[in-house]
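Following: one structure in structure tokens, then a few remarks.
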Amino acid sequence: MAQWRKGSPDEVYSEEEITQRLAAELPAWYYEDGWIRRKYKTTGWKSTLMVVNTVGHLAEAAWHHPDLAVSYAFVVVKLVNHSAKGVTDKDFALARKIEEVLMWRPGGEEGSPLEGTPEDPRFKYLKYD
1 MAQWRKGSPD
11 EVYSEEEITQ
21 RLAAELPAWY
31 YEDGWIRRKY
41 KTTGWKSTLM
51 VVNTVGHLAE
61 AAWHHPDLAV
71 SYAFVVVKLV
81 NHSAKGVTDK
91 DFALARKIEE
101 VLMWRPGGEE
111 GSPLEGTPED
121 PRFKYLKYD
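Listed below in structure tokens is the structure:
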């Protein structure tokens, strides 16, 4: 991971810096209307709730809370640092953790005893990129 700043964790990034950093670190995320965002597609309501609860746990543990748009088969995560009035390192750090946890696929890890969900649509819950 590149070192983007050496200032305060609440230092706000410019729009150009945000788009460059997203392209380098979080290519599935995008910048829109002052927020960094990511849409996670799910297979239905139960799966959507699993994603919401996972994001909720990570956000509460980090004490940095996103806005969520929740529908039957997707969740949109929106991050901005409200107190800093812009996107900061806190937003990128939480976005990376959310991405790492939600996109984790144990069946793809070599040597892992965890096999991951079967290749059966009945057991899929997240539509991986």
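For the sequence shown, the UniProt record's numbering assigns the number 129 to the last residue and increments by one with no breaks.
Think of the CB as a built atom: it goes at the ideal place given N, C-alpha and C, for glycine as much as any other residue.
- Taking a contact to require three or more Cβ pairs closer than 8 angstroms, the region 45 to 60 and the region 97 to 109 qualify as touching.
- Comparing alpha-carbon positions, the option among 43, 60, 104 lying closest to residue 126 turns out to be 43.
- DSSP, reduced to helix, strand and coil, places residue 69 within a strand of the structure shown.
- The beta carbon of residue 80 lies closer than 7 angstroms to those of 34, 35, 86, 87, 91 in the same chain, with the five residues before and after it left out.
- Exclusion of the five residues before and after residue 15 leaves 31 as the residues of its chain whose Cβ lies within less than 8 angstroms of its Cβ.
- When only Cα atoms are considered, residue 115 and residue 108 end up about 8 angstroms apart.
- Excluding sequence positions up to five before and after residue 117, its CB lies within less than 8 angstroms of the CB of 107, 123, 124, 125, all in the same chain and listed in chain order.
- Residue state for residue 97 is assigned as helix, using DSSP reduced to three classes.
- A Cβ-Cβ distance of about 6 angstroms is found for the pair residue 129 and residue 28, placing them in contact under the 8 angstroms criterion.
- In the three-state reduction of the DSSP assignment, residue 86 falls in the strand class, which pools E and B.
- Residues 43 of the same chain have their beta carbon placed closer than 8 angstroms to that of residue 121, with the five preceding and five following residues left out of the count.
- According to the DSSP assignment, residue 55 belongs to no beta strand (DSSP E) but to the alpha helix (DSSP H) extending over 45 to 62.
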